[in-house]
Amino acid sequence: EITFDSCNQLVSQFEAVVKNPVRERSSVYYTGVDLGTACVVVAVLDENFRPVAGAYRYADVVRDGMVVDYIGAIRIVRELKAELEEKLDTELLYAAAAIPPGTDSLDGGAIKNVVQGAGFEITALLDEPTAANAVLKIQNGAVVDIGGGTTGISILKDGKVVYVADEPTGGTHFSLVVSGAYNLSFSEAELYKRKEENHKELLPVLKPVIEKVASIINRHIKGYDVDEIYLVGGTCCLAGIETIIEKQTGIHTRKPDNPMFVTPLGIAFSC
Ligand code: ATP
């Protein structure tokens, strides 16, 4: 059984450097750009693959893996790049990016163009589950990435991705449920949902939509011998989500301390 120790350590280092960047010189910097439906994250690692800086912004430039606001996406990545360059007092040249599985023929080019348009030389374009697994280091099991717009399911056998799928249900739908139940605007519901102190109260409200996600997982893993589910993606920050997914799938379900930054860090690792 894998432990999340190194993943948790990496993510907590990342959270710390988002607040206080490490300004020690490095001979090279590895940057990962994660263009998500809800959030754009940029993670920077040093020559020893230790997180040194990071920045993220909630934005509405990508939907279900498609870039819907090309100019806006370039602007945000450029701004985050400039912000990090100033903090680190260096120029960030190289970056890797990732795309949801199955969208490469549709939009891989657009994501690549955004990262290049923001001034990076792109060194790798990987699929999100492969990126996440650079940090998780799972040999066997299913990685379920519940993001903003979509849920990505990937099945690993002996460390290799053998099956991927991406379905349009994610945190956005959770926010819509909160919005309806509490009579809040979408953006108010989004903020309410992200506060940890509200999670206990929200869990029963969100149970049906979590069960929907679980049924999607069940549908995709059928026929594969999966005995462990690993949750990543911002939506899995919701306390207790793992319990409902475990119950509905009947499969032992685990998540790292902060599932939100696993993929962006994995992208930087693959730079
Ligand atoms: P996608 O993978 O669908 O393209 P993304 O990469 O933007 O989207 P993530 O950054 O992994 O997705 O997750 C964003 C989602 O996570 C949003 O719906 C956001 O509301 C939700 N989220 C972030 N933090 C929390 C939190 N603390 N509690 C609950 N949900 C959260």
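988 is the number that the numbering used here gives to position 147 of the sequence shown; each next residue is one higher, with no gaps. Ideal Cβ placement from N, Cα and C applies to all residues, glycine included.
Determine the contact status of residue i and residue j, defining contact as a CB-CB distance below 8 Å.
{"i": "proline 1105", "j": "glycine 873", "result": "yes"}
{"i": "valine 976", "j": "phenylalanine 890", "result": "no"}
{"i": "tyrosine 881", "j": "isoleucine 917", "result": "Per the sequence shown, residue 881 should be read as valine rather than tyrosine. Yes, these two residues count as a Cβ contact at 8 Å."}
{"i": "serine 1054", "j": "valine 1019", "result": "First, the residue type needs correcting, since residue 1054 is valine and not serine in the sequence shown. It is not a contact, given that the beta carbons lie outside the stated cut-off."}
From residue i to residue j, what distance separates their C-alpha atoms?
{"i": "tyrosine 899", "j": "leucine 934", "result": "24 Å"}
{"i": "valine 984", "j": "lysine 978", "result": "11 Å"}
{"i": "asparagine 1039", "j": "cysteine 1077", "result": "14 Å"}
{"i": "asparagine 861", "j": "isoleucine 940", "result": "28 Å"}
{"i": "isoleucine 963", "j": "leucine 1025", "result": "40 Å"}
{"i": "alanine 914", "j": "leucine 886", "result": "22 Å"}
{"i": "valine 903", "j": "phenylalanine 1102", "result": "18 Å"}
{"i": "isoleucine 1070", "j": "threonine 1094", "result": "5 Å"}
{"i": "valine 908", "j": "asparagine 981", "result": "32 Å"}
{"i": "alanine 1006", "j": "leucine 997", "result": "12 Å"}
Would you mind reading off the limits of the beta strand (DSSP E) that contains residue i?
{"i": "proline 892", "result": "892-899"}
Round the Cβ separation of residue i and residue j to the nearest angstrom and send it over; I've been treating them as touching at under 8 Å.
{"i": "glycine 895", "j": "valine 858", "result": "6 Å"}
{"i": "leucine 925", "j": "valine 883", "result": "6 Å"}
{"i": "lysine 1114", "j": "alanine 965", "result": "Since the first and last residues shown for the chain are 842 and 1112, residue 1114 lies out of range."}
Would you list the residues sitting across from residue i in a DSSP beta bridge?
{"i": "arginine 904", "result": "Met907"}
{"i": "leucine 967", "result": "Ala939"}
{"i": "valine 956", "result": "Answer is none; valine 956 lacks a bridge partner."}
{"i": "threonine 872", "result": "Val885 and Ala936"}
{"i": "leucine 997", "result": "Gly982 and Val1002"}
{"i": "glutamate 1008", "result": "Thr992"}
Over what stretch of residues does the alpha helix (DSSP H) that includes residue i continue unbroken?
{"i": "isoleucine 1108", "result": "1103-1110"}
{"i": "glycine 1012", "result": "1012-1023"}
{"i": "isoleucine 858", "result": "Here residue 858 is valine; the residue named in the question, isoleucine, does not match the sequence. Element bounds for valine 858: 846-860."}
{"i": "leucine 782", "result": "Nothing about residue 782 can be read from this structure; the chain reaches only from 842 to 1112."}
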